[in-house]
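full-length UniProt numbering puts the last residue of the sequence shown at 552; the count rises by one with no breaks.
Every residue, glycine too, gets a C-beta built ideally from N, C-alpha and C.
As structure tokens, the structure follows; a few thoughts come after it.
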Amino acid sequence: MNDSGFANSQEISYQYDKNGNRTKLTLPNKDEIRYFYYGSGHLSAIKYNDSLITEISQDKLHQEISRSQGVLTSQFKHDALGRLTQQLATLESASKRATTNEHIVRRNYQYDWVGNLTETEDLRTGKTPYRYDKLGQIQLAGQELFHFDPAHNLIEKETQRIKNNQLTEYQGNHYRYDEFGNLSERRLANGEIQTYRYNVKDQLIKAIIQKPNQVKEEWQYQYDVLGRRIGKVRLENGKILANSQVEFIWDGSHLVQEIGHKTDRTFSYIYSHPNSYEPLAQLEFAKDNEKPTGCYYYHNDQIGVPRDLTDEEGNVCWYGRYTGWGKLKESYQANDTIHQPFRLQNQYCDQETGLHYNFFRYYEPNIGRFTQLDPIGLAGGVNLYWFAPNMNVWIDPLGLNSNPFGFTHEQLNNLVVKAQGDYLAQQAEANISPKIKDSVKNKPYTLANEVSGSAMAGVGLDFTGGLATSRDKDGKINKCGYITMCGNVGIDGGAQVSNRIAYTNASTSTGLSFPSCTDVSGSAVGGIGGSMCVNSSYLGGDDSVTHLLVLP
């Protein structure tokens with residue numbers, strides 16, 4: 001155990017069939033999630049140890065048309081374009097009948113000619129209309145109205161100006177940022193004040209929460225070397241509050257287990273496919289219990305957002321209604337022990353702050369944007385805080401770059417690799433010798449951290465990535481970066497990486513570039529290219545001096 005009370009290491013193992021499909025995932029406690037396929041790799045069933053979690057039926061196009069969820073059978077209908085138009089959940093004994101009274105879950109969807117969701121009709125929450133502008137940005141969600149400036153910032157009036165895309169006020173909430181662009185303070189309309197602190201990697205490491213007439217709360221967050229959040233604890237007078245630790249266990253970029261020390265409960269999460277971020281089931285374990293004390297099933301909407309949670313007997317244990325940007329505005333909970341932290345895909349809601357942990361960043365659902373700059377810079381869009389035009393069609397499971405729902409896991413892998421290069425470069429900067437740091441005080445400089453290496457996960461990847469911080473003679477700070485990749489790799493693979501720091505007494509400009517690299521199919525990886533803003537072998541001009549520092 002480390003000083004925060006978390007395990008120093010956890011082991012997860014995998015098995016695959018001859019087609020490369022994952023057939024088994026073994027968790028740190030030796031429990032197994034097993035996957036079954038038909039044909040070349042179409043998922044047909046999932047088991048937890050020997051217990052059946054779901055059986056899946058698909059049509060001739062391999063679209064899912066039904067799945068078992070405890071005693072319920074969920075059925076799905078799609079239009080000619082593959083969009084979900086209806087989902088029903090009924091008792092198995094009543095699955096062939098269609099009387100309304102037997103529906104545990106019923107939801108209908110309507111779309112316009114460009115694919116935007118225009119209306120939903122829910123068994124519990126009724127109809128919700130949606131409207132969009134010509135750019136696909138959400139204008140109406142139920143009774144909510146939204147307006148944007150030309151840079152996609154949410155505004156309340158047309159005359160409002162947003163400097164550096166840093167929203168400072170919206171609907172009574174006020175926001176402040178630090179010198180690196182991270183959200184540092186949030187003053188809510190109800191009088192609550194939240195203060196945030198970050199490490200050199202721009203990861204949120206502490207939240208201080210002061211609610212009116214209440215004792216101040218302080219929470220601390222911990223991450224692994226891949227940037228994944230592995231735990232959080234509550235502090236009291238600078239010390240860890242007994243049994244406040246919550247541990248998170250990861251399968252690549254998927255949260256698979258959550259361990260709460262206060263409640264002595266462990267939650268195992270199963271997704272609808274090994275490559276999907278849509279939650280399928282949650283298994284709850286009491287301390288030292290080998291068998292689950294509860295199994296709960298997620299019923300997600302057309303974009304993968306949980307709307308209902310049922311138990312093995314088909315009872316509704318939780319359901320929620322969301323705002324237009326994914327904040328849970330009201331919910332039903334059968335009892336206080338029900339735990340449902342998921343929001344938008346791969347977002348975990350922290351009850352203490354209301355922020356959603358979104359893998360590489362945090363998401364503020366009140367304003368539909370991230371609290372930190374995008375780790376992949378301009379590759380994620382010109383507005384580095386932007387989430388997406390709307391949450392009805394777009395997803396961003398990694399907090400990097402929004403995509404229309406349905407994009408491939410291989411594309412996600414490429415994005416992960418890009419971000420990992422940037423992340424490791426920041427690690428290198430954090431370890432640079434004080435001598436070099438002292439030598440650049442009050443002088444123009446460029447400090448570049450280059451990461452290069454290779455990884456294997458069935459297919460090879462070679463990459464070089466760099467992040468440069470520059471200051472000109474007037475003290476202005478610029479940042480630029482570059483990443484070159486060849487091949488395609490999943491983040492589950494092992495990697496060999498080396499870091500190098502280069503320092504020069506010349507400054508450079510702001511930017512981010514991805515020199516194109518051709519993969520085996522002859523197309524540029526990620527579909528982007530361009531020239532480096534910093535040359536990796538020589539950073540300075542005619543009068544500059546370059547120093548190299550190689551890190552182990």
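Once DSSP output is grouped into helix, strand and coil, what is the label at Lys127? strand
Can you tell me whether Lys163 is helix, strand or coil according to DSSP? helix
Simplified DSSP state of Leu27, which is helix, strand or coil: coil
Taking only beta-carbon positions, decide if Gly380 is within less than 7 Å of chain B. Judged by its chain identifiers, the structure shown contains no chain B, having just a single protein chain.
Classify Tyr38 as buried or exposed, calling it buried when 16 or more other Cβ atoms lie within 10 Å of its own Cβ. exposed
Cys317 to Ser51 span [Cα, whole Å]: 21 Å
C-alpha distance - Gln139 paired with Leu145, whole-angstrom precision: 6 Å
Would Ile259 pass as a contact of Glu278 if the rule is Cβ separation under 7 Å? no
Between Asp79, Thr90, Leu123, which has its C-alpha nearest Tyr111's C-alpha? Asp79
DSSP three-state call for Ala80: helix, strand or coil? coil
Closest Cα partner of Phe76 within the set Gly227, Asp301, Asp31: Asp301
Could you check what DSSP says for Ala281 in three-state terms: helix, strand or coil? strand
Output the distance between the C-alpha atoms of Tyr269 and Thr26, rounded to the nearest integer angstrom. 13 Å
For Val525, which of helix, strand or coil comes out of DSSP? Any reading at Val525 must be qualified, since the residue scores a pLDDT of 30, below 50, and its modelled position is unreliable; no value is offered.
Whole-Å CB distance - Ile205 paired with Arg197, under 8 Å assumed: 6 Å
Which whole runs of the beta strand (DSSP E) in the segment 263–342 are 3 residues long or more, in chain order? 265–271, 279–286, 294–300, 306–311, 316–322, 328–333
Ser521 to Asn21, Cα distance in whole Å? Residue confidence for Ser521 is low, a pLDDT of 29 falling below 50, so the modelled location carries little weight; the figure read from the coordinates is stated next. Cα to Cα, the separation comes out at about 22 Å.
Would Lys24 and Gln10 qualify as a contact pair, given that the criterion is a beta-carbon distance under 7 Å? no
Does the beta-carbon of Ala207 have 16 or more other beta-carbons within 10 angstroms, so that it is buried, or is it exposed? buried
Helix, strand or coil for Ala388? Go by DSSP, reduced to three states. coil
Is there contact between the segment 337–344 and the segment 153–167, where contact requires at least three CB pairs shorter than 8 Å? no
Alpha carbon of Asn244 to alpha carbon of Lys287, nearest angstrom: The sequence given here places Ser at residue 244; Asn does not occur at that position. Looking at the two C-alpha atoms, the distance is approximately 15 Å.
By the three-class DSSP mapping on this structure, what secondary structure does Val225 have? coil
Same chain, Cβ closer than 7 Å to Glu352, neighbours up to 5 away in sequence not counted: Ala207, Ile209, Glu217, Trp219
Between the alpha carbons of Gly324 and Pro389, how many angstroms are there, rounded? 11 Å
Of the listed residues Thr73, Leu84, Glu121, Lys163, nearest to Phe405 (C-alpha basis): Leu84
Assign Leu43 to one of two classes, buried (16 or more other C-beta atoms within 10 Å of its C-beta) or exposed (fewer than that). buried
With a threshold of 16 other CB atoms inside 10 Å of the CB of Arg307, please say whether the residue is buried or exposed. buried
So Phe359 packs on Leu398, CB below 8 Å; how close in whole Å? 5 Å
Take Gln86 as the anchor and find which of Leu61, Gly41, Tyr175, Val105 has the nearest alpha-carbon. Val105
C-beta contact flag for Gln347 and Ile395 at 7 Å: no
Bridge partner(s) assigned by DSSP for Phe36: Ala45
Starting from Phe248, trace the beta strand (DSSP E) in both directions and tell me its first and last residue. 246–251
Spatially closest choice to Ser68 from Asn116, Thr128, Tyr298, Lys232, by CA coordinates: Tyr298
Exposed unless 16 or more other CB atoms sit within 10 angstroms - verdict on Glu450: Per-residue confidence for Glu450 stands at a pLDDT of 47, beneath the threshold of 50, marking its modelled position as unreliable; the derived number appears in the next sentence. So Glu450 ends up on the buried side.
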